[in-house]
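J.: This structure is in structure tokens; I'll ask about it shortly.
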Amino acid sequence: MKKFLSLQPRRWSRKRERIDFGAIIQVMRKLELLPAIFFLKSRADCDRALLTCPPVNVPQNQKAALIREVEGFLRQYPHLRGHRQLQYLLESLVAAHHGGQLPYWKVLIEKLMNKGYLEAIFSTSTVAAGVNFPARTVVLVQSDRYNGREFVELTATELHQMTGRAGRRGKDHIGFVLIIPGLHQDPQLICQLKDSPPEPLKSQIHINFSMTLNLLLSHTPDEIKDLLERSFAAYQQKHSGSHLKKHWEQLLVSLKEILPEAKCDTSDPYEVLQLVQAYSDIRKEIRRLKEKLKEERLLAAMGPYLTPGRLFYHRNRELWLILDVEGREEGLLCSGVSVKKARASKKGIRGRIVRLSQIKTLLDYRLEITEESPSQEIIRILKGLDTDRLAPLKIELGADGQASQELRDMAKRLEQ
């Protein structure tokens with residue numbers, strides 16, 4: 021326990037540890053590795069990263085050129101003047117680029133980055149494919165990403181999309197990828213994905229109820245058919261074939277191979293499948309009839325003894341008392357109460373439904389009770405019972421009934 025408590029502060033402080041992106045950018049500036057794109061796990065992390073970046077001292081002419089460029093853009097889109105990250109853009113030469121930003125703010129960031137005014141961009145890995153600017157260095161803070169439900173490891177395609185932004189055409193002979201060590205960084209995975217081939221492209225179209233309604237509101241059925249036939253999903257299926265269809269054909273081939281050795285008078289796979297389904301249905305019916313046969317035998321044997329006041333042992337090993345007996349379509353049902361849990365109320369003793377299959381042993385003791393019997397008197401007698409003197413009734417199971425004949429008929433069908 022002492023060891024656990026001594027480790028807790030260090031573990032918590034490690035979770036609370038924040039990366040000083042300002043210090044990283046300062047080192048990269050000395051090594052001439054700027055501009056850079058930092059890929060972070062969330063929009064909030066991108067926005068928080070700006071807070072760690074201090075103002076940068078740049079030549080006056082470069083500063084003036086940046087201000088002129090920004091002012092010219094803001095005159096066209098004045099609603100961006102109140103943007104809370106404008107200060108970091110002008111003073112620290114950094115910006116956050118993610119799906120939560122205003123569209124024209126992202127246009128401004130991409131424009132400034134392409135012209136070389138910014139030193140670093142903080143972006144989410146999910147928009148790596150849509151980042152419209154190059155950089156000398158790409159910085160990876162972690163080797164996984166959030167897919168909307170959970171954190172999953174990066175794929176080779178995602179890593180290639182991010183690292184492919186390293187190196188500016190016409191300016192750099194080589195691009196750099198910087199791996200920042202951390203709790204969620206797996207350098208071995210990055211090394212494996214680096215040389216792995218990209219995953220094949222797969223269509224992400226999902227035909228659902230909402231999509232169908234929206235298409236029907238704006239297109240005719242023939243237009244929708246033509247639209248789907250020209251989709252990427254249709255193109256993939258046309259060239260690779262349906263996965264389910266291939267699996268079905270493989271099953272048919274396997275079935276044809278084993279049919280000559282099977283005890284079957286047909287070689288048609290489809291007819292064999294129908295026979296298998298019929299066989300399964302008959303087996304289910306046989307199981308149902310066996311349960312019904314058991315119920316009939318129990319009813320024939322126990323019926324004469326199932327009267328109000330009879331004591332019996334329940335399947336849960338408790339001693340019970342039968343309060344009432346009722347015949348229904350599903351069979352004979354008893355209303356009973358556990359002797360141990362029996363309680364008297366103004367409405368009498370409240371019983372619970374007991375099926376024949378729940379009765380383990382009928383006893384040779386029967387309490388004379390009627391609807392007019394006082395509840396308190398019944399409880400008093402039950403509490404005073406000498407259970408050691410109770411003996412089980414000797415009951416013989418009755419002959420086969422209707423269910424037995426149905427069961428024999430079903431067995432003949434199964435043989436056929």
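Here the sequence shown is numbered in my numbering, starting from 21 and rising by one per residue. The beta carbon of each residue, even a glycine, is placed where N, CA and C say it ideally should be.
1) I need the straight-line Cα distance from Arg317 to Lys403, nearest angstrom please.
2) Among Ala176, Arg250, His99, whose alpha-carbon lies nearest the alpha-carbon of Asp215?
3) Rounded to a whole number of angstroms, what is the C-alpha to C-alpha distance between Val78 and Thr183?
4) Taking only three categories from DSSP, how would you classify Ile389?
5) Answer with buried or exposed for Cys354, where buried requires no fewer than 16 other C-beta atoms within 10 angstroms of its C-beta.
6) For the beta strand (DSSP E) containing Ile373, list its first residue and its last residue.
7) Going by DSSP, what residue range makes up the alpha helix (DSSP H) through Arg49?
8) Apart from the five residues on each side of it in sequence, which residues of its chain come closer than 6 Å, Cβ to Cβ, to Asn134?
9) Would you call Glu178 buried or exposed, if buried means 16 or more other Cβ atoms sit within 10 Å of its Cβ?
10) Hey, how far is the Cα of Asp5 from the Cα of Arg156?
11) Start and end of the beta strand (DSSP E) containing Ile57?
12) By the three-class DSSP mapping on this structure, what secondary structure does Asp65 have?
13) Could I get the ranges of all uninterrupted beta strand (DSSP E) runs contained in the region 160-230, with 3 residues as the minimum, in chain order?
14) Going straight from the alpha carbon of Val161 to that of Leu100, what length do you get?
15) Below 8 Å on the Cβ atoms is my guess for Leu70 versus Gln105; work out the distance and round it to an integer in Å.
16) Please tell me whether Phe59 and Val158 are closer than 8 Å, where the distance is taken between their beta carbons.
17) Relative to the C-alpha of Gly195, which residue among Leu203, Arg185, Lys366 is closest?
18) In terms of DSSP beta bridges, what is Cys73 paired with?
19) Could you tell me which whole alpha helix (DSSP H) segments of length 4 or greater appear in the region 85-133?
20) Thr407: buried (16+ other C-beta within 10 angstroms of its C-beta) or exposed?
21) Can you tell me where the beta strand (DSSP E) with Arg330 in it begins and where it stops?
22) Going by DSSP, what residue range makes up the beta strand (DSSP E) through Ile141?
23) So, for Gln28: in the same chain, excluding its five sequence neighbours on each side, which residues have a beta-carbon less than 7 Å away from its beta-carbon?
24) If I'm right that Arg165 touches Ser145 with Cβ under 8 Å, what's the distance once you round it to whole angstroms?
25) Should the region 289-302 be called in touch with the region 312-329, which here means at least 3 C-beta pairs below 8 Å?
26) Is Lys258 buried or exposed, if buried means 16 or more other CB atoms sit within 10 Å of its CB?
27) Between Leu339 and Leu331, is the Cβ-Cβ spacing less than 8 Å?
28) Could you tell me how far apart the beta carbons of Arg386 and Gly329 are, in whole angstroms, since I believe they sit closer than 8 Å?
29) Buried or exposed for Tyr108, going by 16 or more other Cβ atoms inside 10 Å?
30) Is Leu138 closer than 8 Å to Leu113 when the C-beta atoms are compared?
31) So what's Glu346 in DSSP terms, helix, strand or just coil?
32) What would DSSP say about Asp384, mapped onto helix, strand or coil?
33) Could you give the C-beta distance for Leu376 and Tyr325, rounded to a whole number, given that I count them as a contact under 8 Å?
34) Let me know if Ser223 comes out buried or exposed under the rule of 16 or more other beta-carbons within 10 Å of its beta-carbon.
35) CA-CA distance, Thr72 and Ala116?
36) For Leu410, which residues of its own chain have a beta-carbon under 6 Å away from its beta-carbon, when the five flanking residues on both sides are left out?
T.: In brief:
1) Approximately 33 Å between the Cα atoms of the pair.
2) Out of Ala176, Arg250, His99, Ala176 has the C-alpha closest to the C-alpha of Asp215.
3) Rounded to the nearest whole angstrom, the CA to CA distance from Val78 to Thr183 is 28 Å.
4) DSSP, reduced to helix, strand and coil, places Ile389 outside both helices and strands of the structure shown, so it counts as coil.
5) Result: buried.
6) Counting along the chain, the unbroken beta strand (DSSP E) around Ile373 starts and ends at 372-375.
7) In this chain, the alpha helix (DSSP H) harbouring Arg49 covers 41-50.
8) A distance below 6 Å between beta-carbons, with the five flanking residues on each side excluded, links Asn134 to the following residues of its chain, in chain order: Phe153.
9) Taking all protein chains in view, the Cβ of Glu178 is crowded by 16 or more other Cβ atoms within 10 Å, so the residue is classified as buried.
10) Given a span of 21 to 436 for the chain in the structure shown, any question on residue 5 remains unanswerable.
11) First-last of the beta strand (DSSP E) with Ile57: 56-60.
12) DSSP, read as helix, strand or coil, puts Asp65 in helix.
13) DSSP assignment within the region 160-230 yields the following whole beta strand (DSSP E) runs of 3 residues or more, N-terminal first: 164-166, 171-173, 196-199.
14) So the alpha carbons of these two residues sit roughly 30 Å apart.
15) In this structure Leu70 is in contact with Gln105, their Cβ atoms being roughly 6 Å apart against a cut-off of 8 Å.
16) Yes, the Cβ-Cβ distance between Phe59 and Val158 is below 8 Å.
17) When only C-alpha atoms are compared, the closest one is Arg185.
18) Paired residue(s): none; Cys73 is not in a bridge.
19) Runs of the alpha helix (DSSP H) spanning 4 or more residues and lying entirely within the region 85-133 occur at 106-111, in chain order.
20) Burial call: exposed.
21) That run of the beta strand (DSSP E) goes 330-334.
22) First-last of the beta strand (DSSP E) with Ile141: 140-144.
23) At Gln28 the pLDDT is 46, less than 50, meaning the model places this residue with poor confidence; the figure from the coordinates comes in the next sentence. Excluding residues within five positions, none has a Cβ falling inside 7 Å.
24) About 5 Å; that satisfies the 8 Å criterion.
25) With a cut-off of 8 Å, the region 312-329 and the region 289-302 do not count as touching, because too few Cβ pairs lie within range.
26) Result: exposed.
27) In contact: Leu339 and Leu331 (Cβ atoms closer than 8 Å).
28) That pair is a contact at about 5 Å.
29) The residue in question, Tyr108, is buried, as its Cβ has 16 or more Cβ neighbours within 10 Å.
30) Cβ atoms of Leu113 and Leu138: closer than 8 Å.
31) Strand at Glu346.
32) The answer is strand: DSSP assigns Asp384 an E or B state.
33) Actually they are not in contact, since the Cβ atoms of Leu376 and Tyr325 sit about 12 Å apart, beyond 8 Å.
34) The residue in question, Ser223, is exposed, as its Cβ has fewer than 16 Cβ neighbours within 10 Å.
35) Each residue's Cα considered, the two are about 13 Å apart.
36) Result list for Leu410: Leu383, Tyr385, in chain order.
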